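Participant: The listed protein sequences correspond, in order, to chains F and V.
Residue numbering for the first sequence is 1 to 261, as defined by this note's numbering.
Residue numbering for the second sequence is 262 to 581, as defined by this note's numbering.
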Amino acid sequence: MSLRIVVTVKYVPDATGDRHFADDLTVDRDDVDGLLSELDEYAVEQALQIAENADDAEITVLTVGPEDAKDALRKALSMGADKAIHVEDDDLHGTDAVGTSLVLAKAIEKAGFDLVVSGMASTDGTAGIVPALLAERLGVPQVTLLSEVSVEDGVVKGRRDGDTASEQLEASLPAVVSVTDQSGEARYPSFKGIMAAKKKPVQSWDLSDLDLEAEEVGLEGAWTTVDSAAERPARTAGTIVKDEGEGGKQLAEFLAGQKFI
Amino acid sequence: MAEVLVYVDHVDGAVRKPTLELLTLARRIGEPVAVALGSGAENTAAALAEHGAVKVLTHDAAEYADYLVVPKVDALQAAYDAVSPAAVLVPSSAEGKEIAARLAVRIGSGIITDATDLEAGDEGPVATQSAFAASFTTKSRVSKGTPVITVKPNSAAVEAAPAAGAVEALAVTFSDKATGTKVTARTPRESTGRPELTEAAIVVSGGRGVNGAENFSIIENLADSLGAAVGASRAAVDAGWYPHTNQVGQTGKSVSPQLYIASGISGAIQHRAGMQTSKTIVAINKDAEAPIFDLVDYGVVGDLFDVVPQLTEEIKTRKG
Ligand SMILES: Cc1cc2nc3c(=O)[nH]c(=O)nc-3n(C[C@H](O)[C@H](O)[C@H](O)COP(=O)(O)OP(=O)(O)OC[C@H]3O[C@@H](n4cnc5c(N)ncnc54)[C@H](O)[C@@H]3O)c2cc1C
Ligand SMILES: Nc1ncnc2c1ncn2[C@@H]1O[C@H](COP(=O)(O)O)[C@@H](O)[C@H]1O
């Protein structure tokens with residue numbers, strides 16, 4: 001039987017761009033270029049490696065996002081995923097993490113899965129909770145924040161490096177996995193991969209395809225409300241000195257003045 | 262007064278500092294009821310009472326150590342059902358966020374993660390968060406269900422506020438999902454004797470400019486002269502010069518100390534994401550154009566191999 005892997009990938013505004021909020025206090029996606037979240041490239045990479053080590057596997061990449069989010073799917077397909085699902089609906093605008101996990105879970109169930117692979121966090125929201133939410137909603141084990149992962153005989157194993165300890169984890173499939181940026185560099189799409197991706201199937205689903213109502217998602221349905229967003233005042237320009245032999249002492253003088261010494 | 266559930270992060274009964282900070286914030290919203298799980302849970306009571314917990318619900322079972330996250334969610338849900346709190350507060354560790362998120366779905370609530378401040382509001386607690394690598398500050402509320410909020414370390418001062426802290430046994434029945442993910446081995450981190458990175462008042466970090474694992478002793482010596490924690494950029498971690506647990510930034514720890522000293526770090530947005538809210542920022546870099554200098558209160562353009570040892574010596578001399 002084929003191992004069905006679903007990789008969740010998010011299309012995010014480029015972190016090196018001038019990211020900001022739109023008037024409705026959602027993330028502005030118009031003024032800054034978007035891309036496949038770098039942290040989800042690690043998820044695609046680990047899924048590819050798991051598939052390479054399986055007798056037979058199929059990787060579906062899944063995103064919930066605006067029209068441009070197709071770019072993220074294309075990139076994942078050009079890295080080597082087999083097919084893609086794009087959940088797109090105007091009513092999804094402003095959906096929060098809890099809502100996103102609802103939509104993703106419905107789509108994952110509809111697609112069919114043995115293994116879900118997610119990134120450790122999205123680079124715009126940075127909550128790092130969607131994988132745990134997916135495990136809760138799908139009713140399957142969560143094997144998250146792995147810096148090492150492998151799948152064999154229907155069992156997923158991995159290493160989770162926490163604050164106080166490093167743990168070896170193990171669970172039976174089906175399961176939800178998330179991988180960190182310590183899990184291994186993601187491959188670059190090859191020219192052949194980029195050409196092949198153009199022919200790979202991308203399905204589009206909307207809310208009705210997932211039996212979801214508009215009220216359950218989007219800004220209206222959100223479980224949280226952002227009341228205000230303010231740009232942090234720029235830090236006041238500090239003192240900068242060039243070291244001409246006394247730089248360390250000058251710095252010590254500053255630190256003493258600030259009562260750190 | 263409404264009760265507020267506070268999830269306790271502890272190691273064998275020793276309460277970690279972020280939980281004590283959480284009690285300060287919880288008291289702004291209601292009466293803190295603490296939930297302590299696992300080995301040593303009952304030993305947390307004295308510290309929690311000292312900082313305002315009116316009650317401490319405890320439960321120990323092998324499941325908490327042997328299986329990932331879900332047993333703790335089951336227990337927190339049992340506490341939620343028993344108390345019917347006005348809000349649930351959890352420290353923002355990786356595990357804390359996962360526990361909080363799963364609880365939120367179970368009780369039909371919204372969740373706010375990584376709050377840096379919390380106040381009472383007309384429509385429930387208002388959380389302050391940082392967005393886009395700390396270049397924005399937002400204020401948010403949970404608008405559905407009982408607010409579940411995770412709070413970052415260093416978000417409030419620890420304040421003594423003695424309360425009863427009566428220990429009560431929590432009745433927990435584990436769900437059939439509790440044993441889904443087995444922890445087959447655990448290697449505890451070795452203590453370095455230095456302060457915890459996220460809790461430290463001073464953090465001294467090194468980056469690619471440190472140029473080798475053997476040179477990190479220069480950074481460590483400076484840190485030790487100030488009683489500081491040691492941090493590293495991802496470039497230094499990826500090169501294998503320093504452990505990943507010490508990485509500061511988007512995919513490492515986010516720190517907000519009184520003083521942050523960056524040596525040989527350029528100041529990429531992903532690094533800034535983890536240190537930009539530090540009170541005082543100091544940098545040593547040989548490139549006057551390095552973006553880190555945009556953030557600093559004091560910067561030295563120079564070679565860290567000259568400046569840092571001189572600084573360390575001078576600190577030692579001044580401290581006598
Ligand atoms: C998704 C994602 C997540 C990331 N997460 C993180 C993260 O959590 N933390 C993080 O730090 N980075 C993170 N990064 C990487 C980040 O983009 C940078 O690559 C990284 O921070 C660079 O580290 P650095 O400043 O040490 O190295 P560099 O950018 O190479 O800078 C080295 C600096 O050292 C200076 N220097 C060299 N020699 C000396 C000397 N002798 N004396 C003084 N100065 C010297 C140089 O002038 C230079 O400015 C992430 C990137 C991505 C894409
Ligand atoms: N809109 C989305 N579409 C697809 N996957 C997502 C989306 N949002 C979050 N994810 C996945 O969940 C992970 C954690 O995201 P977050 O909880 O938002 O930090 C990401 O790395 C993705 O794998």
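Don't be surprised by glycine CBs; every beta carbon is placed ideally from N, CA and C.
Note that the structure is predicted; figures quoted are calculated from it, not measured.
1) Which whole-angstrom value is the C-beta distance of Ser-524/V and Val-471/V, which I expect to be below 8 Å?
2) Taking 8 Å as the limit between beta carbons, can you name the residues of its chain near Ser-300/V, skipping five residues before and five after?
3) If you measure from the CB of Lys-259/F, is any heavy atom of ligand 4 nearer than 7 Å?
4) Any heavy atom of ligand 2 within a distance shorter than 7 Å of the CB on Ile-410/V?
5) Tell me the rounded alpha-carbon separation between Ala-461/V and Ile-290/V.
6) Spatial neighbours of Ile-545/V within its chain, please: C-beta separation below 6 Å, excluding the five flanking residues on both sides.
7) Compute the distance between the beta-carbons of Val-87/F and Trp-205/F, then report whether it is under 8 Å.
8) Tyr-559/V and Leu-251/F look like a contact to me (Cβ under 8 Å); what is the Cβ gap, rounded to whole Å?
9) Is it buried or exposed for Ser-478/V, if we count other Cβ within 10 angstroms and need 16 for buried?
10) If contact is defined by three or more beta carbon pairs under 8 Å, each pair taking one atom from either stretch, is the stretch 130 to 147 of chain F in contact with the stretch 168 to 187 of chain F?
11) So which of Ile-373/V, Gly-510/V and Val-366/V has the shortest CA-CA distance to Thr-538/V?
12) Hey, does His-320/V have any beta-carbon neighbour from chain F nearer than 8 Å?
13) DSSP on Thr-506/V, reduced to helix/strand/coil?
14) Assign Glu-152/F to one of three DSSP states: helix, strand, or coil.
15) Can you grab the Cα-Cα spacing for the pair Leu-39/F / Glu-185/F, in whole Å?
16) Would the beta-carbon of Met-79/F be found less than 7 Å away from any heavy atom of ligand 2?
17) Please classify Asn-267/F: is it buried, with 16 or more other beta-carbons within 10 angstroms of its beta-carbon, or exposed?
18) Could you say which of Gly-245/F, Val-241/F, Ala-175/F and Val-226/F lies nearest to Asp-23/F if we only look at CA atoms?
19) Scan the stretch 144 to 171 of chain F for residues whose Cβ lies nearer than 7 Å to a Cβ of chain V and list them as they occur along the chain.
20) Using Cβ-Cβ distances below 8 Å, what residues of the stretch 12 to 24 of chain F are close to chain V?
21) Beta carbon of Pro-189/F, beta carbon of Lys-110/F: below 8 Å?
22) Since Ser-78/F meets chain V, which of its residues come closer than 7 Å, beta carbon to beta carbon?
23) Leaving aside the five residues before and after Asp-14/F along the sequence, list all residues of the same chain whose C-beta is less than 8 Å from its C-beta, in chain order.
24) Specify which residues have a beta carbon nearer than 5 Å to any heavy atom of ligand 1, listing them in chain order.
25) If you check the beta carbons only, do Asp-82/F and Lys-200/F fall under 8 Å apart?
Facilitator: Straight from the coordinates:
1) Taking 8 Å as the upper bound for CB-CB distance, Ser-524/V and Val-471/V are in contact here, some 7 Å apart.
2) Listed in chain order, the non-local C-beta contacts of Ser-300/V below 8 Å within the same chain comprise Asp-273, Gly-274, Asp-321, Tyr-325 and Ala-326, local neighbours out to five positions each way being set aside.
3) For the structure depicted, ligand 4 is absent and the ligand set comprises only ligand 1 and ligand 2.
4) Because no heavy atom of ligand 2 lies under 7 Å away, the Cβ of Ile-410/V does not count as near it: no.
5) Rounded to the nearest angstrom, the gap between the Cα atoms of Ala-461/V and Ile-290/V is 27 Å.
6) Within the same chain, Ser-524, Val-561, Leu-565 and Val-568 come within 6 Å of Ile-545/V by CB-CB distance, once the 5 residues on both sides are set aside.
7) Taking the C-beta atoms as reference points, Trp-205/F is found nearer than 8 Å to Val-87/F.
8) Your pair Tyr-559/V and Leu-251/F checks out as a contact, with CB atoms roughly 7 Å apart and the cut at 8 Å.
9) Classification for Ser-478/V: exposed.
10) Yes, they touch.
11) Comparing Cα-Cα distances from Thr-538/V to each of Ile-373/V, Gly-510/V and Val-366/V, the minimum goes to Gly-510/V.
12) So, not an interface residue.
13) Three-state result, Thr-506/V: helix.
14) Glu-152/F falls in the strand class under three-state DSSP.
15) In a straight line, the C-alpha of Leu-39/F is about 10 Å away from that of Glu-185/F.
16) Every heavy atom of ligand 2 is 7 Å or more from the Cβ of Met-79/F, so no.
17) The structure shown does not extend to residue 267/F, since chain F is modelled only from 1 to 261, so the question has no answer here.
18) When each option's Cα is compared against that of Asp-23/F, the closest is Val-226/F.
19) Answer in chain order: Thr-144, Leu-145, Asp-161, Gly-162, Asp-163, Thr-164, Ala-165, Ser-166, Glu-167, Gln-168, Leu-169, Glu-170 and Ala-171.
20) Those residues of the stretch 12 to 24 of chain F that come within reach of chain V (Cβ to Cβ, closer than 8 Å) are Ala-15, Thr-16, Arg-19, His-20 and Phe-21.
21) No, Cβ-Cβ distance for Pro-189/F and Lys-110/F is not below 8 Å.
22) Within chain V, not a single residue places a beta-carbon under 7 Å from that of Ser-78/F; the smallest gap is close to 24 Å.
23) Once the five neighbours on either side are set aside, the close Cβ partners of Asp-14/F are Val-32, Asp-33, Gly-34 and Leu-35.
24) Cβ atoms closer than 5 Å to ligand 1 belong to Glu-38/F, Gly-468/V, Arg-469/V, Gly-470/V, Ser-494/V, Arg-495/V, Ala-496/V, Gly-510/V, Gln-511/V, Thr-512/V, Gly-513/V, Gly-525/V, Ile-526/V, Ser-527/V, Ala-529/V, Gln-531/V, His-532/V, Asn-546/V, Lys-547/V, Asp-548/V, Ala-551/V, Asp-564/V and Leu-565/V.
25) Contact flag set, yes.
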